[in-house]
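Colleague: Residue numbers (full-length UniProt numbering): 1 to 801.
Idealized CB from N, CA, C, for every residue including glycine.
After the structure tokens below, expect a handful of questions from me.
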């Protein structure tokens with residue numbers, strides 16, 4: 001019986017090759033999109049789950065409120081680790097970490113600055129599942145001078161092989177290679193090529209709980225409950241945090257909290273994250289896109305099947321007259337649907353593999369289709385079967401309800417309910433398409449707004465060098481050599497790269513009315529935590545920062561050279577509530593020293609535009625880690641070569657490592673750019689699927705009205721009037737879809753823009769463009785079939801009348 005169903009189904013599919021091809025192609029594109037998005041979502045959900053003890057690993061984090069300022073970071077004090085491990089019985093192990101980008105490794109004549117370097121406590125390989133190819137995991141990091149590398153990293157320094165047990169210099173300190181580890185999987189919230197013992201870090205001996213700067217993870221015992229750990233955090237702060245009671249009396253807040261390892265990638269966006277994490281919101285968005293694209297493809301199938309009801313009515317009538325039960329006919333139509341769906345699955349696999357490479361490039365992922373895994377093949381077959389049943393159910397039950405006597409007498413009239421459903425499905429398709437078009441246009445507009453917004457500094461033609469410490473005592477000589485070049489406009493140094501994560505400390509304004517006099521008083525309750533960065537004299541002109549009042553740092557003023565002066569941005573002056581900030585002396589580092597404000601710069605964006613401008617303090621210093629070079633030559637390659645010549649002269653063989661500030665700024669919005677491109681790609685495919693269905697539907701409608709068109713042409717109707725006649729019904733449907741899509745698209749765009757502190761206004765332009773574009777696409781699709789019908793010879797359609 002099944003063989004019979006399949007045989008008849010195949011024959012019916014081949015009878016109408018055009019419509020069969022449209023259905024298979026539409027379903028295949030929809031399934032291919034669904035496959036790619038599903039694999040993307042699956043990978044995002046799999047982050048950090050490769051660790052054998054993932055369900056028992058947690059991260060400690062800190063929330064701090066001082067005055068009007070607040071800080072939530074994925075860090076705690078390194079001093080927390082020892083009492084946490086020794087005094088909390090639910091904790092099995094604790095591991096502190098620190099990323100150390102810019103570490104210079106040297107072996108013989110080979111000198112390389114590495115960017116993916118991690119410091120970690122000895123229990124690192126016991127807690128996390130990063131397998132060692134060589135070496136002993138429990139003891140690999142027990143010694144302060146121990147280091148573990150991936151094979152790729154080791155091959156750069158030990159090309160002859162056998163690196164285990166050999167020594168290597170890291171920032172001038174000798175380390176011994178104690179292990180070779182497998183590369184870190186992509187689905188990890190931290191990536192590194194080299195890990196050395198945290199015991200070599202000065203912070204490993206930190207005793208102050210106020211130095212909040214170290215990511216710290218802990219492993220629970222198997223039967224322990226993390227809630228028990230949470231309950232012990234505040235008592236531990238009370239016991240070990242210096243002046244904790246005074247801190248609370250001032251109304252300040254300091255809390256530690258825990259985060260499950262497997263939640264970090266999608267749910268954590270704290271200060272001090274190892275990498276920019278994903279966002280679970282986008283998974284919901286992509287999941288919805290996959291669902292709706294597949295639904296559009298299913299709607300195409302349903303529309304064409306119900307539109308062809310009259311064409312298949314006689315077949316149903318004859319089969320019923322010959323004794324076929326309705327259930328048998330339903331099975332027959334479902335067999336056709338499932339068979340067509342399975343053909344679509346085969347094509348979808350090929351399309352998905354074809355689209356996988358460009359999708360990976362856009363999404364910055366390495367998604368694979370696991371053809372060799374049984375679960376994937378079973379899932380694909382189930383998807384094909386489910387889509388076939390879903391898309392074929394309504395047509396099957398609709399077609400088999402016809403009465404054979406009415407059908408065979410030629411009295412079958414397509415009911416209004418059938419037409420209403422078909423029109424509703426077309427409207428639904430274009431609602432989805434218009435919403436996706438609006439979202440794509442709005443994402444593009446927002447990203448253009450971000451790129452063109454006045455940032456308060458000049459990011460163009462600025463080179464950022466990340467390994468200035470390699471200059472050692474030659475930093476001033478390097479500076480003098482560069483400023484002599486006509487191609488270089490300005491040079492400065494800083495302890496943090498522009499647009500990176502800045503350090504924070506406590507600043508306190510004076511209470512005296514004359515804040516510049518000696519003896520001003522400072523109250524702890526007025527203290528505010530603000531970000532700061534240490535800079536050299538020429539930081540302001542190099543980045544094009546604009547002074548609002550006061551002056552820049554000066555080499556001619558003794559107080560500046562003694563590091564006793566500060567420059568604030570406007571927001572910092574507002575936070576400190578200083579009406580006349582220039583000349584005011586404020587307390588720095590919780591009273592450790594006093595410094596005078598010599599200038600105020602206009603606010604500038606030193607972080608992503610997802611957040612508002614925050615207070616920032618510039619502190620004059622020397623021996624800094626980053627160099628910023630403002631170039632003024634049109635010949636960029638030549639200028640870079642000149643800079644590199646000077647670098648090689650003073651950097652003792654360390655390779656030059658640099659980036660461009662405008663590219664660093666674009667990188668802040670790389671995730672949003674990817675979202676925009678993915679939106680655009682899937683929007684295009686959704687429109688293609690909708691148009692395929694519209695093309696087939698228009699073709700079938702034209703076939704149904706062949707005699708009417710012939711009579712109209714005989715009566716003198718023009719080609720233009722016939723095209724308009726056949727197109728106007730579809731035009732109405734697109735207009736209705738546009739009206740329905742407007743509020744849905746507005747809501748979706750508004751939700752996305754909520755993540756930006758600075759954003760575009762949601763205007764009508766994108767909505768109008770989306771509506772006009774959808775209408776044009778629909779008209780072009782329908783008009784093509786309408787024009788073919790209007791140009792047909794009426795004699796052929798009326799010869800039998």
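1. Three-state secondary structure (DSSP) at residue 753?
2. Can at least three beta-carbon pairs, one atom from the segment 48 to 65 and one from the segment 194 to 201, be found at a separation below 8 angstroms?
3. Considering only the beta carbon of each residue, do residue 873 and residue 572 sit closer than 7 angstroms?
4. Cβ of residue 180 within 7 angstroms of Cβ of residue 151?
5. Whole angstroms is fine: what's the gap from residue 161's alpha carbon to residue 540's?
6. Any chance the segment 579 to 594 sits against the segment 420 to 436, with 3 or more Cβ pairs inside 8 angstroms?
7. Run through DSSP, which three-state label would residue 630 get?
8. In chain order, what residues of the same chain have a beta carbon less than 6 angstroms from the beta carbon of residue 442, not counting five sequence neighbours either side?
9. Give the list of continuous alpha helix (DSSP H) stretches no shorter than 4 residues that lie fully inside the segment 129 to 177.
10. Going by alpha carbons, who is nearest to residue 143 out of 503, 119, 569 and 99?
11. If residue 32 and residue 348 are in contact, beta carbons under 8 angstroms, what's the gap, nearest whole angstrom?
12. At what residues does the alpha helix (DSSP H) containing residue 574 begin and finish?
13. With DSSP collapsed to three states, give me the class of residue 453.
14. Go through its chain and collect everything with a Cβ distance to residue 253's Cβ below 6 angstroms, but skip five positions before and after it.
15. Hey, residue 689 and residue 296 are a contact pair by Cβ (cut 8 angstroms); roughly how many whole angstroms apart?
16. Mind reading off the beta-carbon distance from residue 585 to residue 595? Whole number of angstroms is fine, and I expect it under 8 angstroms.
17. Measure the C-alpha to C-alpha separation of residue 455 and residue 604 and round it to an integer number of angstroms.
18. According to DSSP, is residue 42 helix, strand or coil?
19. Rounded to the nearest angstrom, what separates residue 237 and residue 244 at their Cα positions?
20. What are the complete alpha helix (DSSP H) segments, minimum 4 residues, inside the segment 600 to 686?
21. Tell me whether the segment 473 to 489 and the segment 632 to 651 touch, counting them as touching only if at least three CB pairs, one residue from each stretch, are closer than 8 angstroms.
22. Which residue marks the beginning of the beta strand (DSSP E) containing residue 533, and which one marks its end?
23. Is it buried or exposed for residue 221, if we count other Cβ within 10 angstroms and need 16 for buried?
24. First and last residue of the beta strand (DSSP E) that includes residue 493?
25. Just the C-alpha distance for residue 102 and residue 436, rounded to the nearest angstrom, thanks.
26. Opposite residue 241 in the DSSP bridges: which residues?
27. Name the DSSP bridge partner or partners of residue 465?
28. Is there contact between the segment 170 to 187 and the segment 40 to 49, where contact requires at least three CB pairs shorter than 8 angstroms?
29. Given a threshold of 16 other Cβ atoms within 10 Å of its Cβ, counted over all protein chains shown, does residue 284 qualify as buried or as exposed?
30. Measuring alpha carbon to alpha carbon, tell me which residue in 783, 509, 364 and 503 is nearest residue 728.
31. Excluding sequence positions up to five away, which residues of its chain have a Cβ less than 8 angstroms from the Cβ of residue 386?
32. For a test of the three-state rule: what should DSSP assign to residue 769, helix, strand or coil?
33. Relative to the C-alpha of residue 777, which candidate in 544, 619 and 434 has its C-alpha closest?
34. When you compare the CB positions of residue 345 and residue 293, do they come within less than 7 angstroms of one another, or not?
35. Using C-beta distances below 7 angstroms, list every residue in its chain close to residue 460, excluding the 5 sequence neighbours before and after it, in chain order.
36. Please report the distance separating the alpha-carbon of residue 797 from that of residue 721.
Modeller: Inspection of the coordinates gives the following:
1. helix
2. Output reads no: the segment 194 to 201 does not touch the segment 48 to 65.
3. The requested residue 873 is not part of the displayed model; the chain covers only 1 to 801.
4. The answer is yes: Cβ separation under 7 angstroms.
5. 48 angstroms
6. no
7. strand
8. 749 and 766
9. 151 to 157
10. 119
11. Correct: roughly 4 angstroms between the Cβ atoms.
12. Residues 570 to 575.
13. coil
14. 65
15. 5 angstroms
16. 7 angstroms
17. The alpha-carbon atoms of residue 455 and residue 604 are separated by roughly 5 angstroms.
18. helix
19. 7 angstroms
20. 636 to 650 and 661 to 667
21. Under the 8 angstroms Cβ criterion, the segment 473 to 489 counts as touching the segment 632 to 651, having at least three qualifying pairs.
22. 528 to 535
23. exposed
24. The continuous beta strand (DSSP E) containing residue 493 extends over residues 488 to 494.
25. 42 angstroms
26. In DSSP, residue 241 forms no bridge with anything.
27. Looking at the DSSP assignment, residue 465 forms a beta bridge with 627 and 658.
28. With contact defined as three or more Cβ pairs closer than 8 angstroms, the segment 170 to 187 and the segment 40 to 49 are in contact.
29. With fewer than 16 other Cβ atoms within 10 Å, it is exposed.
30. 783
31. none
32. helix
33. 434
34. no
35. Excluding positions up to five away in sequence, the list reads 662.
36. Low confidence applies here, because residue 797 scores a pLDDT of 48, under 50, leaving its location unreliable; read the following figure in that light. If I take the Cα positions, the gap works out to 18 angstroms.
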